[in-house]
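Protein chains: 4
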Amino acid sequence: MRVQSIASIKEAALELFAAHGYAHTSIAQIARKAGISKGLMYNYFDGKEGLLRAIVSDAISTGDDLMGAGLQGSDDPAEQLTQLIKVSFQMLRENTPYWKFVTSLAFQKQVLDSVQDLIGPKNFENMMAVTPLLASLGVEEPEKEALFFGAAMDGIMMGFLAMGEAYPFDDMEKYLIHKVAQMQPKNSEHKPIKK
Amino acid sequence: MRVQSIASIKEAALELFAAHGYAHTSIAQIARKAGISKGLMYNYFDGKEGLLRAIVSDAISTGDDLMGAGLQGSDDPAEQLTQLIKVSFQMLRENTPYWKFVTSLAFQKQVLDSVQDLIGPKNFENMMAVTPLLASLGVEEPEKEALFFGAAMDGIMMGFLAMGEAYPFDDMEKYLIHKVAQMQPKNSEHKPIKK
Amino acid sequence: MRVQSIASIKEAALELFAAHGYAHTSIAQIARKAGISKGLMYNYFDGKEGLLRAIVSDAISTGDDLMGAGLQGSDDPAEQLTQLIKVSFQMLRENTPYWKFVTSLAFQKQVLDSVQDLIGPKNFENMMAVTPLLASLGVEEPEKEALFFGAAMDGIMMGFLAMGEAYPFDDMEKYLIHKVAQMQPKNSEHKPIKK
Amino acid sequence: MRVQSIASIKEAALELFAAHGYAHTSIAQIARKAGISKGLMYNYFDGKEGLLRAIVSDAISTGDDLMGAGLQGSDDPAEQLTQLIKVSFQMLRENTPYWKFVTSLAFQKQVLDSVQDLIGPKNFENMMAVTPLLASLGVEEPEKEALFFGAAMDGIMMGFLAMGEAYPFDDMEKYLIHKVAQMQPKNSEHKPIKK
DNA sequence: TATGAATGAGTCTTCATTCAT
DNA sequence: CATGAATGAAGACTCATTCAT
Chain A
1 MRVQSIASIK EAALELFAAH GYAHTSIAQI ARKAGISKGL MYNYFDGKEG
51 LLRAIVSDAI STGDDLMGAG LQGSDDPAEQ LTQLIKVSFQ MLRENTPYWK
101 FVTSLAFQKQ VLDSVQDLIG PKNFENMMAV TPLLASLGVE EPEKEALFFG
151 AAMDGIMMGF LAMGEAYPFD DMEKYLIHKV AQMQPKNSEH KPIKK
Chain B
1 MRVQSIASIK EAALELFAAH GYAHTSIAQI ARKAGISKGL MYNYFDGKEG
51 LLRAIVSDAI STGDDLMGAG LQGSDDPAEQ LTQLIKVSFQ MLRENTPYWK
101 FVTSLAFQKQ VLDSVQDLIG PKNFENMMAV TPLLASLGVE EPEKEALFFG
151 AAMDGIMMGF LAMGEAYPFD DMEKYLIHKV AQMQPKNSEH KPIKK
Chain C
1 MRVQSIASIK EAALELFAAH GYAHTSIAQI ARKAGISKGL MYNYFDGKEG
51 LLRAIVSDAI STGDDLMGAG LQGSDDPAEQ LTQLIKVSFQ MLRENTPYWK
101 FVTSLAFQKQ VLDSVQDLIG PKNFENMMAV TPLLASLGVE EPEKEALFFG
151 AAMDGIMMGF LAMGEAYPFD DMEKYLIHKV AQMQPKNSEH KPIKK
Chain D
1 MRVQSIASIK EAALELFAAH GYAHTSIAQI ARKAGISKGL MYNYFDGKEG
51 LLRAIVSDAI STGDDLMGAG LQGSDDPAEQ LTQLIKVSFQ MLRENTPYWK
101 FVTSLAFQKQ VLDSVQDLIG PKNFENMMAV TPLLASLGVE EPEKEALFFG
151 AAMDGIMMGF LAMGEAYPFD DMEKYLIHKV AQMQPKNSEH KPIKK
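Protein chains in written order, with my numbering: chain A, 1 to 195; chain B, 1 to 195; chain C, 1 to 195; chain D, 1 to 195.
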């Protein structure tokens with residue numbers, strides 16, 4: 001029962017935050033949508049901000065799991081990169097308003113610092129994961145290329161989130177995968193590095 | 001005096017919006033900082049939202065002017081691209097909080113739709129400007145590459161705006177310029193790079 | 001107009017605080033009684049607490065003025081002490097609920113510290129004023145007697161405030177004055193000290 | 001176990017009331033500190049108010065017991081008065097926050113009337129106990145002197161409670177005892193002071 | 001052109017109390 | 001005897017906007 005309530009609160013809040021933004025979603029709206037009283041929310045979360053934190057935390061876990069799963073599907077770096085791209089694009093496609101919301105938090109001073117603490121390190125972690133893959137593909141400056149690659153991913157997401165269906169999202173996914181394929185070292189005699 | 005008042009209102013509002021966000025800046029604060037009364041603001045702008053619209057509109061003009069100037073400095077596509085990059089990075093460096101704010105607007109449902117109408121087309125326009133440059137550099141799929149390139153620019157901006165000084169902003173600028181240099185067509189007989 | 005509003009807010013708040021206590025008086029009640037909107041209160045005072053502070057501050061000023069006036073009516077210490085007593089009792093008689101309220105604040109942790117800062121020093125100041133009077137009346141330990149005297153005054157007030165009309169307030173006033181009269185030095189040959 | 005629970009609830013509530021005030025202590029806090037559930041509290045007490053009433057009632061009993069013990073230590077009125085003073089001061093010294101809280105209740109309209117019914121008569125009872133002692137010491141107006149004396153005690157308590165360590169509490173105790181000693185009747189042939 | 005007093009709807013948050021289990 | 005999930009009313013505070021002057 002407890003678990004049920006918490007879940008429905010989070011769910012309702014997430015949808016409303018994604019639809020109208022954090023600031024423009026009231027506790028009353030969340031409670032109404034979740035089918036509970038306003039007060040109950042405060043039994044489980046540390047205010048509106050705590051609720052946001054919980055949601056973002058969940059989101060990051062989900063993202064990490066998906067990314068992790070993408071990496072484990074293969075030992076080939078090119079394949080892994082491709083998987084990473086596919087998983088990311090799929091995530092965005094399936095839950096567009098939600099990721100739009102999470103991304104927007106990175107820019108909002110008005111939103112609690114603690115949330116930014118959760119989001120901030122993600123960029124860095126992503127780069128750390130991609131760098132060795134690029135290195136084993138023979139890229140000259142793998143760290144910078146990882147940053148560049150990550151930036152492109154973010155930018156595509158940004159374009160998609162900002163422009164919506166008008167953005168050639170699927171084409172960009174293919175283009176990225178195509179670029180990865182081009183990175184394939186000619187002399188692929190030495191086995192891909194197993195990580 | 002009318003012009004003077006309008007300018008000081010915009011200036012004050014911009015600084016406050018950039019510093020605390022749109023939602024967390026009150027009309028009272030703006031009026032105080034601008035040295036005018038709350039009422040006067042309503043003589044010149046259509047409420048808080050109208051003020052925001054005016055500011056964003058100015059910002060976009062400024063950005064366009066800078067971009068245009070960057071393009072006109074040379075006839076060589078590689079040079080022009082390089083200039084575009086340099087100008088963009090410089091703009092961000094010189095006015096970080098301001099661009100962080102403008103960028104954040106792209107993600108905020110809470111902020112007036114009319115503002116998004118101003119921002120939205122920018123991505124497309126940028127792509128339109130870059131595509132012919134890439135084409136003359138012999139890039140195979142210039143449209144997609146323009147989008148990709150623009151996305152990378154946006155992503156770098158995002159990283160810088162979100163992470164601040166921790167982001168290797170200068171390095172990324174060099175890396176981008178380096179990439180442009182590599183695009184140089186083989187038959188570069190007609191125009192050697194000057195700089 | 002501004003002055004008028006501020007005055008009516010203070011007046012309404014004072015009456016309500018005195019009648020129902022600080023915690024049990026709502027901003028809505030104050031606004032209704034003062035005939036203004038809830039919001040206006042926040043234009044002039046720093047919230048409910050700021051309003052309280054302003055009221056207490058006013059009260060202390062009033063008290064100081066009355067006390068000062070009491071002391072200036074004569075050069076004779078016994079007369080001055082008597083005046084002090086009379087003025088104090090009169091103050092309590094005329095504005096009982098009000099002083100009950102102010103006194104109660106000294107005991108309330110829940111009420112802002114800054115209010116206690118205003119009230120706290122009063123006890124000390126009163127003692128400082130009475131000590132020289134007692135000294136010139138030949139009292140052996142004037143400082144302690146001043147504290148004792150002040151304590152008795154406070155205690156009488158407390159009794160009156162707690163018990164209301166059942167407390168022999170007038171009798172106690174006479175008794176105090178009688179005690180002061182007994183302090184009169186027999187050899188009153190040396191003139192009273194002029195302060 | 002019932003007794004145990006009741007005791008721990010009272011104890012926890014008393015400490016919290018004393019530390020943060022009645023209004024600023026929540027049932028949840030009390031239950032947590034007492035190690036029981038919120039619901040259980042309502043099995044034993046008639047809500048928050050009933051709990052307060054029970055606590056105050058206990059406090060008054062304790063006070064009465066101490067006072068009674070003080071009176072029974074001797075037959076000499078002066079000795080008895082001295083004992084009363086010592087016991088009272090000791091009580092305050094040992095449990096300052098607690099008495100500060102109980103005293104504050106006398107001033108709080110916000111707190112249940114029924115509590116004031118418990119506290120109110122105390123003043124009167126104390127006077128009734130002291131009057132005969134003063135009479136046998138030859139004081140002229142023993143009733144008024146008893147009230148005056150009681151008021152001084154209350155006032156000292158107020159000063160101590162309001163000002164804390166800054167108040168010369170110990171000195172005032174000695175001064176009071178000194179005053180009692182001076183009341184000694186001239187024909188003190190029958191019983192010299194022992195201590 | 002300019003002021004700032006005034007409004008009132010909208011928000012978050014707290015908490016004593018109830019009740020199904 | 002005991003729990004704690006759930007409620008809902010109440011309260012403090014914010015702020016864009018209006019309007020008489």
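Heads up, the beta-carbon is just placed ideally off N, CA and C, and yes, glycines get one too.
Listed by chain order, chain A residues near residue i by CB distance under 7 Å
i     : result
B:K10 : Residues of chain A passing the Cβ test: none, with the nearest at roughly 20 Å.
Inter-residue Cα distance where the pair is residue i and residue j
i      : j      : result
A:K38  : B:K48  : 30 Å
A:L147 : B:L84  : 20 Å
B:K195 : B:Q80  : The predicted model places B:K195 with a pLDDT of 40, which falls under 50 and marks its position as unreliable; any figure quoted below should be read in that light. Each residue's Cα considered, the two are about 12 Å apart.
D:D58  : D:L14  : 11 Å
C:S26  : C:G50  : 14 Å
D:V111 : D:Y167 : 28 Å
C:D65  : C:L71  : 10 Å
A:K122 : D:R53  : 56 Å
B:G120 : B:K100 : 16 Å
A:K10  : D:K33  : 30 Å
C:G155 : D:R93  : 19 Å
B:I36  : C:D170 : 59 Å
D:L105 : B:E165 : 57 Å
A:Q182 : B:E141 : 14 Å
C:E189 : C:G63  : Interpretation of C:E189 is limited by its pLDDT of 47, a score under 50 that renders its predicted location unreliable; no figure is taken from the coordinates.
B:M67  : B:R2   : 30 Å
A:Y198 : A:A69  : For chain A, the structure presents residues 1 to 195; residue 198 of chain A sits outside this window and is missing.
Closer than 9 Å at the beta carbon, the chain D residues around residue i
i      : result
C:T103 : F107, M158
C:A28  : Under the 9 Å cutoff, chain D gives no residues; its nearest Cβ is about 17 Å from C:A28.
9 Å Cβ cut-off: residues of chain C touching residue i
i      : result
D:N123 : M158, G159, A162, M163, Y167
Contact set between residue i and chain A, taken where Cβ atoms lie within less than 9 Å
i      : result
B:Y175 : E141, K144, E145, L147, F148
Contacts of residue i in chain C (Cβ-Cβ under 8 Å)
i      : result
D:D58  : Result: empty, since nearest Cβ-Cβ is about 20 Å, beyond 8 Å.
D:N152 : Asn is not the amino acid found at residue 152 of chain D; the sequence shown has Ala there. Simply F148, A151, A152, G155.
Integer-rounded CB distance, given that residue j should sit under 8 Å from residue i
i      : j      : result
C:P77  : C:S136 : 5 Å
C:V139 : C:V102 : Going by Cβ atoms, the distance from C:V139 to C:V102 rounds to 29 Å, so no, they are not a contact pair.
B:L161 : B:E145 : Incorrect: roughly 24 Å between the Cβ atoms, too far for contact.
C:G21  : D:Q116 : About 12 Å; that fails the 8 Å criterion.
A:S88  : A:M153 : 6 Å
B:L16  : B:I30  : 6 Å
A:A129 : B:G159 : The pair is not a contact, with the Cβ atoms about 16 Å apart (cut-off 8 Å).
B:L118 : B:I60  : 6 Å
B:P97  : B:A7   : B:P97 to B:A7, Cβ: 19 Å. No contact.
C:A23  : D:A28  : Contact flag wrong, Cβ pair sits at about 18 Å.
Segment limits, alpha helix (DSSP H) that includes residue i
i      : result
D:L137 : Segment: none, D:L137 is in no alpha helix (DSSP H) and carries neither H nor E.
D:A31  : 27-34
A:F169 : 169-183
B:K109 : Unbroken run through B:K109: none, as it is neither H nor E.
C:E11  : 2-20
Chain-ordered chain C contacts of residue i [CB-CB under 7 Å]
i      : result
D:D171 : K144
Proximal chain B residues relative to residue i, where beta-carbon distance stays under 9 Å
i      : result
A:K100 : F107, K109
Per-residue contacts from residue i into chain D (C-beta, under 8 Å)
i      : result
C:A34  : Residues of chain D passing the Cβ test: none, with the nearest at roughly 20 Å.
C:G120 : A162, M163
Under 8 Å by beta carbon: chain B residues contacting residue i
i     : result
A:G21 : Q108, K109, Q110
*May I have a chain-ordered list of the beta strand (DSSP E) segments no shorter than 3 residues that lie completely inside the segment 33-96 of chain B?*
None, since the segment 33-96 of chain B contains no complete beta strand (DSSP E) of that length.
*asked:* Which complete alpha helix (DSSP H) runs does the segment 114-164 of chain C hold, if anything under 4 residues is left out?
replied: The segment 114-164 of chain C contains these whole alpha helix (DSSP H) runs: 142-163.
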